[in-house]
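Student: Respectively, the protein sequence lines represent chains F and X. Heads up: the first sequence begins at 1 in the working numbering, then just goes up one per residue. Heads up: the second sequence begins at 1001 in the working numbering, then just goes up one per residue.
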Amino acid sequence: MADLIRGNALVADDWTWVRLPESSEPVRKSAGKVVLFKLTGEPAAPEDVIAACEVPAGKVLLPLSVWLKRRDELAVRADAGEIGVWLDSHEEPAELAESLGDNLNRLPVIGVNFPKFIDGRGFSTAFLLRTRYGYRNELRALGDVLRDQMFFFHRCGFDAYLLRADQKPERCIAALRDFTTPYQTSTDGLPPVFRRRVGLGAPA
Amino acid sequence: MYRYDDYDRALVTERVAQYRDQLQRNLAGELSDDEFRPLRLQNGLYIQRHAPMLRIAVPYGMLSSTQLRKLASIGRRYDRGYGHFSTRQNMQFNWPKLEDTADILAELATVEMHAIQTSGNCIRNITTDPFAGVAPDEIVDPRPYCEVLRQWSTFHPEFAFLPRKFKIAVSGTLEDRAVTYAHDVGLQLYRGQTGEVLVRVIVGGGMGRTPILGSVIHDALPWKHLPTYLDAVLRVYNRYGRRDNAYKARIKILVKAIGAEEFARQVDAEWQLERDGIATVTQAELDRAAAAFTDPDAPERPSTDAAFDAAVAADKAFARWVSRCVRAHKRPGYRSVTLSLKPTGVAPGDITSDQMDAVADMADRYSFGELRVTHEQNVVLSDVALADLHRLWQEARSHGLATPNIGLLTDIICCPGGDFCSLANAKSIPIAQAIQEAFDDLDYLYDIGELELNISGCMNSCGHHHVGHIGILGVDKAGSEWYQVSIGGAQGNTTSLAEVIGPSFAAEEVPAVVKTLIETYVEARTPEERFLDTVRRVGMAPFKSRVYGETTKNAEAAHG
């Protein structure tokens, strides 16, 4: 059972993370709607798999594809605050924003999946959700969530972390403080170090 | 030279603690080798053929004598009494023990050094002109900008796990000495009409398997926007660069696939998010960084020195060294000196701990305690008084550091190759040595004149073979080592990529092939021409027919 850290505390997870079954024959499609790079594409779930996806009762964190195709049927539950949506590493936050009338804050939780920890796209996704799209509710890292990336997750805007099953939560919480004085600014609002250095705090 | 403040110091100390914990978890079996790999790489640690290799960052190539003495002592204590300067101006140790690496990093931290982001799929050590701050043709001293970017790139939270490695080079001179067109990002600093510093941003250059020169995506970026603009470049790359194939994952492939114009458009759109925001660099910060790179407190000196002139006239060996290893300086009475790490019989870029100590002593005595590492794998003392050159030469010579071959054929750029590197297809150091031995006649070497010969042991091109006047690449064919020879590459303002002359050669054939290329040049050249100029004028054909017609008649048939 994976542990959930919210802020810097180990908490019980009241959300069910819904994933589509691995498709035997993935449909290759280009990454996202704003197709910038068409050479590789990413696997996308076939329609029938999306239609057949079981959405359990209670609070559920749904794949973007399920939310996009079935949001009429899920509207009442969404209004009740029971629906969260997660993006895979290649999926576009713009698509999610569009589906919500550009108000991502209608969702209580957004997840970003890290299929492998070396796939760093989710860091940019999180940064964009927090900045361009103004998302303020829980932003949860999913998948290959390991202690050695905790500091980076946090700085890019995550505030909840569903740890990979083998991780020790107390050590992951400690890793949020691996560094005390990062150089750059990020979504955490910390100014870059050159605006913090003693005597040089004045803005440009 | 830039000195750490409390912020810098805290970060490096915390990194040592973080790495020590990662190492201990790996040694204890808690952290698998596969998962430790990307983490240790971001700390410069490769597992090589014989032992781990630890690559230590030398930010923009600048070292103090104190730091070099520390490297000497690490070389003695944890390695085999030597180190190796790489083509990215870093230092590599080839024989440390894995268990010792955290202790080495802790020792480095005491002299404000580290191995952060010297490898792995992240923003690497930023390189620049080794003659920054002293070159007569300098327009803008690149070092303060490099320091600003060092801080921006160090542990950047968003870009620690890019599709592939990311290399940035900065230049601020008329003559580009930082190979800016062959980097993921090249930044050329220059002055606009009112004297303000602007940046020409070049993206998507690179060597490797797909050599390509970069494209300009912004011609006049005001300097204060560098971090936010580069955030935008990196974000587009991080999100859309290929991750399915390591050979197609560099930014150059993305830029080529969507076109430089479209890439520039996307970067510009992305940039609007952060433009003029909190990450915009302040004048105060640039001034703070610039204050770390002021000219040394050097006494004024006459622009000529009679004793120096007399020594040049009297001693041919000294005169030769001066002609090759001593460069003009922006201040009268001073010169920059390159200490050659390319004597015949030593792997290019290798330096013993004793030599490091000697260089540190010479830097203290003659060059204000500072030195620079060049991407050609030599060491520069940047501020030497004309009157001290003869004594410096004698000292350097006694330590084997005065080979007068800078810029000549035997000043070979060479990666560690198959002797050390587990990525290599073929050995490169023995090839360099065989070529150096074939050209051991100094008079002939000087007659050949300026020539850059670069050797890489594999497609990763650490030896910059694509931009060598003569480039040699180790290739693997059915399990044996072969060498592909190319000509016509160049760095600098007329950067070009070398073209392969034909089928590859066995190791023992390479020196003769180089000799044939040189003979062809000597016969065809006009009095003013360097090898490269002749190649550019007469083209590939005469070289090709001479090499394949005479040296290895059956090359094509023998090994295709």
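C-beta: ideal position from N, C-alpha, C; glycine also.
Could you spell out the range, first to last residue, of the alpha helix (DSSP H) harbouring Leu-1149/X?
Tutor: Locating residue 1149/X in the second sequence gives position 149, counting from the first residue. 1143 to 1153 is the extent of the alpha helix (DSSP H) around Leu-1149/X.
Student: Could you run through the segment 1139 to 1158 of chain X and flag, in chain order, every residue whose CB is less than 7 Å away from some CB of chain F?
Tutor: Residues passing the 7 Å Cβ filter: Gln-1151, Trp-1152, Thr-1154, Phe-1155, His-1156, Pro-1157 and Glu-1158.
Student: Taking the C-alpha atoms as reference points, what is the distance between Gly-7/F and Glu-1196/X?
Tutor: Here residue 7/F refers to the residue found at position 7 of the first sequence. Here residue 1196/X refers to the residue found at position 196 of the second sequence. So the two alpha carbons sit approximately 45 Å from each other.
Student: CB Glu-1452/X to CB Ile-1501/X, shorter than 9 Å?
Tutor: For the purposes of this step, residue 1452/X is taken as residue 452 along the second sequence, with counting starting at 1. For the purposes of this step, residue 1501/X is taken as residue 501 along the second sequence, with counting starting at 1. In this structure, Ile-1501/X does not lie closer than 9 Å to Glu-1452/X by Cβ.
Student: Within 9 Å (strictly less), CB to CB, does Ile-173/F reach chain X?
Tutor: For this step, residue 173/F is matched to residue 173 along the first sequence. It does not: the Cβ of Ile-173/F has no partner Cβ on chain X nearer than 9 Å.
Student: From the beta carbon of Val-109/F, is the nearest beta carbon of chain X less than 9 Å away?
Tutor: Translated into the one-based positions of the first sequence, residue 109/F becomes position 109. False, the Cβ-Cβ gap to chain X never drops below 9 Å.
Student: Would Arg-197/F pass as an interface residue toward chain X - the criterion being a Cβ-Cβ separation below 9 Å?
Tutor: In the first sequence, the residue the question calls residue 197/F occupies position 197. True, the Cβ-Cβ gap to chain X drops below 9 Å.
Student: Using a Cβ cut-off of 7 Å, pull out every chain X residue sitting near Asp-148/F, in sequence order please.
Tutor: As a working note, residue 148/F is residue 148 in the first sequence. Per Cβ cutoff of 7 Å: Gln-1022 and Leu-1039.
Student: The segment 1343 to 1366 of chain X: which residues have C-beta closer than 7 Å to a C-beta of chain F, in chain order?
Tutor: none
Student: Looking at the structure shown, is Glu-1452/X part of a helix, part of a strand, or coil, going by DSSP?
Tutor: As a first step, residue 1452/X is located in the second sequence; it is residue number 452 there, counting from the start. In this structure, Glu-1452/X counts as coil in the three-state DSSP scheme.
Student: Where DSSP assigns a beta bridge to Pro-1052/X, which residues make up the other side?
Tutor: The sequence position of residue 1052/X within the second sequence is 52, counting from 1. Looking at the DSSP assignment, Pro-1052/X forms a beta bridge with Ile-1047/X.
Student: Could you work out which residues of chain F lie near Gln-1117/X, taking near to mean beta carbons separated by less than 8 Å?
Tutor: For the purposes of this step, residue 1117/X is taken as the residue at position 117 of the second sequence. Per Cβ cutoff of 8 Å: no residues; Gln-1117/X is ~12 Å from chain F at best.
Student: Note down, in chain order, each residue of its chain lying with its Cβ closer than 6 Å to the Cβ of Leu-1234/X, except the 5 sequence neighbours on either side.
Tutor: Taking the first residue of the second sequence as position 1, residue 1234/X is located at position 234. The beta carbon of Leu-1234/X is closer than 6 Å to those of Phe-1159 in its chain, skipping five residues each way along the sequence.
Student: Hey, would you say Pro-1222/X sits closer than 9 Å to Val-1199/X, going by beta carbons?
Tutor: The count along the second sequence starts at 1 and reaches residue 1222/X at position 222. The count along the second sequence starts at 1 and reaches residue 1199/X at position 199. Going by C-beta atoms, Pro-1222/X is nearer than 9 Å to Val-1199/X.
Student: Does Phe-1161/X come out as helix, strand or coil in the three-state DSSP assignment?
Tutor: Counted from its first residue, the second sequence places residue 1161/X at position 161. Residue state, collapsed to three classes: coil.
Student: Since Ala-1160/X meets chain F, which of its residues come closer than 7 Å, beta carbon to beta carbon?
Tutor: Taking the second sequence and counting its residues from 1, the one referred to as residue 1160/X is at position 160. Result: Gly-120 and Phe-152.
Student: How would you call Asn-1094/X, buried or exposed, if buried means at least 16 neighbouring beta carbons within 10 angstroms?
Tutor: Sequence index remark: in the second sequence, residue 1094/X carries index 94 (1-based). Under this definition Asn-1094/X is a buried residue.
Student: Is Thr-1013/X helix, strand or coil by DSSP?
Tutor: Reading the second sequence from its first residue, position 13 is the one you call residue 1013/X. DSSP places Thr-1013/X in helix when its eight states are reduced to three.
Student: Assuming Leu-1409/X contacts Leu-1445/X under a Cβ cut-off of 8 Å, what Cβ separation, rounded to an integer in Å, is found between them?
Tutor: Within the second sequence, numbered from 1, the residue matching residue 1409/X stands at position 409. Within the second sequence, numbered from 1, the residue matching residue 1445/X stands at position 445. Leu-1409/X to Leu-1445/X, Cβ: 6 Å. Contact.
Student: For the putative contact between Arg-136/F and Asn-105/F, defined by C-beta atoms under 8 Å, what is the C-beta separation to the nearest angstrom?
Tutor: For the purposes of this step, residue 136/F is identified with residue 136 of the first sequence, where counting begins at 1. For the purposes of this step, residue 105/F is identified with residue 105 of the first sequence, where counting begins at 1. Between Arg-136/F and Asn-105/F, the beta carbon gap of about 6 Å places them in contact (Cβ cut-off 8 Å).
Student: Can you find a CB in chain F that lies within less than 9 Å of the CB of Thr-1282/X?
Tutor: Here the question's residue 1282/X lines up with position 282 in the second sequence. It does: the Cβ of Thr-1282/X has a partner Cβ on chain F nearer than 9 Å.
Student: Which partner residues of Ala-1084/X appear in the DSSP bridge assignment?
Tutor: Within the second sequence, numbered from 1, the residue matching residue 1084/X stands at position 84. Contrary to the premise, residue 1084/X reads as His rather than Ala in this sequence. Answer is Gln-1092/X and Asp-1350/X, bridged to His-1084/X.
Student: Please state the DSSP three-state secondary structure of Phe-1368/X.
Tutor: On the second sequence, residue 1368/X is found 368 positions in, with the first residue counted as 1. Phe-1368/X: coil per DSSP, three-state reduction.
Student: Of the residues Leu-1423/X, Asp-1440/X, Ser-1422/X and Gly-1418/X, which one's Cα is nearest the Cα of Pro-1430/X?
Tutor: Taking the first residue of the second sequence as 1, we reach residue 1430/X at position 430. Taking only the C-alpha atoms, the option nearest Pro-1430/X is Gly-1418/X.
Student: Sorted by chain position, which residues of the same chain lie with C-beta nearer than 6 Å to Val-18/F's C-beta, five sequence neighbours on each side aside?
Tutor: Working through the first sequence from its first residue, we reach residue 18/F at position 18. Hits under 6 Å: Val-60 and Leu-62.
Student: Tell me the DSSP secondary structure of Cys-1414/X in three-state form.
Tutor: The sequence position of residue 1414/X within the second sequence is 414, counting from 1. Cys-1414/X: strand per DSSP, three-state reduction.
Student: What residue range is occupied by the uninterrupted alpha helix (DSSP H) comprising Ala-1395/X?
Tutor: Position 395 of the second sequence, counted from the start, is the residue given in the question as residue 1395/X. The residue asked about is misnamed: residue 1395/X is Glu in this sequence, not Ala. 1389 to 1398 is the span of the alpha helix (DSSP H), which, as asked, contains Glu-1395/X.
Student: Got a sec: which bits of the segment 59 to 88 of chain F sit with their beta carbon under 9 Å from any beta carbon on chain X, in order along the chain?
Tutor: none
Student: Does Cys-53/F have its Cβ less than 9 Å from a Cβ in chain X?
Tutor: For the purposes of this step, residue 53/F is identified with residue 53 of the first sequence, where counting begins at 1. Chain X contact via Cβ: absent.
Student: Within 9 Å (strictly less), CB to CB, does Asp-13/F reach chain X?
Tutor: Taking the first residue of the first sequence as position 1, residue 13/F is located at position 13. It does not: the Cβ of Asp-13/F has no partner Cβ on chain X nearer than 9 Å.
Student: Please check if any C-beta of chain X sits within less than 9 Å of the C-beta of Tyr-183/F.
Tutor: Within the first sequence, numbered from 1, the residue matching residue 183/F stands at position 183. Closer than 9 Å to some Cβ of chain X, the Cβ of Tyr-183/F qualifies, so yes.
Student: Name, in chain order, the residues that DSSP records as bridge partners for Trp-1271/X.
Tutor: Locating residue 1271/X in the second sequence gives position 271, where the first residue counts as 1. Paired residues: none, contrary to the question.
Student: Any chance the segment 1055 to 1062 of chain X sits against the segment 1124 to 1141 of chain X, with 3 or more Cβ pairs inside 8 Å?
Tutor: The segment 1055 to 1062 of chain X vs the segment 1124 to 1141 of chain X: in contact.
Student: From the DSSP output, in three-state form, read off Ile-1565/X for me.
Tutor: Residue 1565/X lies beyond the residue range present for chain X, which begins at 1001 and ends at 1560; the question has no answer from this structure.
Student: Report the option in Thr-187/F, Gln-184/F and Leu-146/F whose CA atom is closest to the CA atom of Cys-172/F.
Tutor: As a first step, residue 172/F must be located in the first sequence, where it is residue number 172. The shortest Cα separation from Cys-172/F among Thr-187/F, Gln-184/F and Leu-146/F belongs to Leu-146/F.
Student: Tyr-1190/X bridges to which residues according to DSSP?
Tutor: Counted from its first residue, the second sequence places residue 1190/X at position 190. Residue pairing from DSSP places Tyr-1190/X in a beta bridge opposite Leu-1198/X.
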